[in-house]
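In our numbering, each number is its position in the sequence shown, counted from 1, plus 1010. Cβ coordinates follow ideal geometry from the N, Cα and C atoms, glycine included.
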Amino acid sequence: MKKLHRVFIGIFFAMLVIPLLLVNTDAGAVSPTENRLLANFPPLRNEIGELNGNFPSQLNTYLNDRIGFRHELGVLNAHIKLFVLRTTPNDRVRVGLDGWHYFTFDSNIEIAKGTYPLTDADLDAIKRYQRAVADYYESKGVDYLLMLSPSKTSIYPEFIDFGGYTVRETPVDILDRLLTDEGIVTVSPKDRILAHKDEGLLFRKYDAHWTNLGAYYAYCEIVEQLNEVGIHDTPLDIEVVETPGQYGEYGGVFGDNQLFAETIPDISFQASATNTTSGSLYDGIEAIVEADPELLDFAVFENPHAKNGTLLLYGDSQEQPARKIPQLLAEHFKKVVYVGIKPKINLDIEALVNPDVVIFARSERYINVTLVQAPCIPIIVGSEKAMSLPLTKESPTPTLHIDGLETTSTDAEGILTVPQKTGTLVLTGWIVDDAAEEPLSALYLKVGDTYLECFYGIKRKDVADVFGKAVLNSGFGVTIPRELIEEADEFTFYAVSADGSRLIELPQGKFVEG
1011 MKKLHRVFIG IFFAMLVIPL LLVNTDAGAV SPTENRLLAN FPPLRNEIGE LNGNFPSQLN
1071 TYLNDRIGFR HELGVLNAHI KLFVLRTTPN DRVRVGLDGW HYFTFDSNIE IAKGTYPLTD
1131 ADLDAIKRYQ RAVADYYESK GVDYLLMLSP SKTSIYPEFI DFGGYTVRET PVDILDRLLT
1191 DEGIVTVSPK DRILAHKDEG LLFRKYDAHW TNLGAYYAYC EIVEQLNEVG IHDTPLDIEV
1251 VETPGQYGEY GGVFGDNQLF AETIPDISFQ ASATNTTSGS LYDGIEAIVE ADPELLDFAV
1311 FENPHAKNGT LLLYGDSQEQ PARKIPQLLA EHFKKVVYVG IKPKINLDIE ALVNPDVVIF
1371 ARSERYINVT LVQAPCIPII VGSEKAMSLP LTKESPTPTL HIDGLETTST DAEGILTVPQ
1431 KTGTLVLTGW IVDDAAEEPL SALYLKVGDT YLECFYGIKR KDVADVFGKA VLNSGFGVTI
1491 PRELIEEADE FTFYAVSADG SRLIELPQGK FVEG
């Protein structure tokens, strides 16, 4: 009995010690399932030589990331929870009915519930911003389309394992109606995709993305809306091929990339376009993407046999080349450039591409965090609009802060450091009229002799937490074209008072090379 007792004690200590002996010490190691850098061993002292007070917690993170058998234990945990306990190994994914899985973050489930956080103020902001974008492209002679890609929970809510959800009106339906009434061309493929649900799997069970067959019907809706702006064409014919052994992204979330395999429909079609990976355009876009963390990936397709000009497609993972939407559209355009983005357009890329058509695509689950942000377009106005009120120099002037600066432009120096003088500059920040204790009426920026109207009235909870709820909508955004920065090194903000009666000049600032 004592021998058996010692054996169990030995096994117990071995289970504790062996994983510690097999800690992964490789610098820059990456988790193969989570696709992220593992934590590095923390320093004992900080930059100024003091003992690192965060060492215990950082060491705990390091061991959790790198301890021996971490991957194997994670896989075992996932299998036990999924197939024995019938529960989710990770609360970021909900296990549904009939093998369906759904992301729980980004308000995915709320889309099916009808509780997606999109307020009347959000809708008003989206309408205002999209109107500005459409007007901007119209002034450039470019056709603009906003694509509203439905989420999985819009198309397949019936497999969520609680609530008895059915297909209902969701944010893409609301925005499609709102913006169409505003005269903005929208691409909303939800109804078309729903109409083809009986033809095959249109979204993946173990992944958040639509299948290539679902993407095809989204492409068909794009072609139909292109007809509305005068680019007349018909969708390509395709063949559907069932492809087995496809692993979805949820397995990686659970710690095992090969946890879920499914058979999904793929498409094939007669292609004339080619994927270009060299040349001045490709190299120029590559340099911009590598320098901007807001740009995720890109692809260039060329088709000398097409009759239409150049299409620039801004999208997220639903529009990536893996889903074949850029390749399908490349059969209609001489050139198609896909750029993967987080929130906004990029004028430097547009200057290279010189598009005839721009499509800005957003997945439904991202609407409330992307389309409510001020777009990266310049609104150039005449001096008669910006300076239409009596000019004053109040003391104190309203408090203005530019994000990312240690000081504000109201400080004595008033210097703004621009990383590169030849690039488009996007400024965001907030401004509060201290005397009125409420948001201003408007904000303008003068660069050289040019006046730009700022997108003003953006929600800034961080500002409201300090100054009170009355100034919640005190944020601003303004895009300064690179040619203006090249021509001038000084700028001045002009604020319209909260009561709309006075124009207040703020201290002048300068652009310098960083």
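Counting only runs of at least 3 residues, the region 1423-1483 fully encloses the following beta strand (DSSP E) elements, listed from N- to C-terminal order: 1425-1428, 1435-1442, 1452-1457, 1460-1463, 1465-1468. DSSP, read as helix, strand or coil, puts residue 1373 in strand. The alpha-carbon of residue 1066 is positioned some 27 Å away from that of residue 1102. Within its own chain, the residues whose Cβ lies closer than 7 Å to the Cβ of residue 1334, once the five positions on either side in sequence are excluded, are 1222, 1225, 1277, listed in chain order. Proximity to residue 1388 across 1203, 1358, 1409, 1312 peaks at 1358, based on C-alpha coordinates.
Look at residue 1383 here: in three-state DSSP terms it is coil, with no helix or strand label.
When secondary structure is reduced to three states using DSSP, residue 1188 falls in the helix class.
By alpha-carbon distance to residue 1171, the top candidate from 1208, 1112, 1188, 1210 is 1112.
For residue 1153, there is no enclosing alpha helix (DSSP H); the residue is part of the beta strand (DSSP E) that begins and ends at 1153-1159. When secondary structure is reduced to three states using DSSP, residue 1195 falls in the coil class, being assigned neither helix nor strand. Within the region 1097-1128, complete alpha helix (DSSP H) segments of at least 4 residues are found at 1118-1123, given in chain order. Counting only the Cα atoms, residue 1315 lies some 10 Å from residue 1340. Taking a cut-off of 8 Å for Cβ pairs, the region 1444-1464 and the region 1479-1498 touch, as three or more such pairs fall below it. Take the alpha-carbon of residue 1453 and the one of residue 1290: they are about 39 Å apart.
Per DSSP, reduced to three states, the secondary structure at residue 1141 is helical. Under the 10 Å beta carbon count, residue 1242 is surrounded by fewer than 16 other beta carbons and is classified as exposed. When DSSP states are grouped into helix, strand and coil, residue 1350 belongs to the strand group. Bounds of any beta strand (DSSP E) do not take in residue 1222; it lies within the alpha helix (DSSP H) bounded by 1222-1238.
Listed in chain order, the non-local C-beta contacts of residue 1206 below 6 Å within the same chain comprise 1227, local neighbours out to five positions each way being set aside. Remark: C-beta atoms of residue 1457 and residue 1490 approach each other more closely than 8 Å. Straight across, the Cα-Cα distance linking residue 1142 with residue 1129 is about 20 Å. Per DSSP, the continuous alpha helix (DSSP H) segment holding residue 1336 begins and ends at 1335-1339. A distance below 6 Å between beta-carbons, with the five flanking residues on each side excluded, links residue 1154 to the following residues of its chain, in chain order: 1144, 1147, 1368. Secondary structure of residue 1320 (DSSP, three-state): strand. Counting only the Cα atoms, residue 1349 lies some 16 Å from residue 1385.
Using a Cβ distance threshold of 8 Å, residue 1160 and residue 1200 count as a contacting pair. In this model, residue 1150 and residue 1210 are separated by some 41 Å (Cα to Cα).
Here residue 1248 has 1226, 1277, 1278, 1279 as same chain residues with Cβ atoms under 7 Å from its own Cβ, once five neighbours each way along the sequence are excluded. Contact annotation: the region 1311-1329 does not touch the region 1265-1274, with fewer than three C-beta pairs closer than 8 Å.
For residue 1393, the closest of 1513, 1179, 1190, 1106 by C-alpha to C-alpha distance is 1513. Taking every protein chain shown into account, the CB of residue 1214 has 16 or more other CB atoms within 10 angstroms, so this residue is buried. Membership of residue 1282 in any alpha helix (DSSP H) is not indicated, and neither H nor E is assigned to it by DSSP.
For a cut-off of 8 Å, the C-beta gap from residue 1185 to residue 1136 is around 7 Å, short enough to register as a contact. Short of 7 Å from the beta carbon of residue 1505, and not among the five residues preceding or following it, lie these beta carbons of its own chain, in chain order: 1408, 1441, 1450, 1453, 1514, 1516. Bounds of the beta strand (DSSP E) holding residue 1305 are 1305-1312. In the three-state DSSP reduction, residue 1259 falls in the coil class, being neither helix nor strand.
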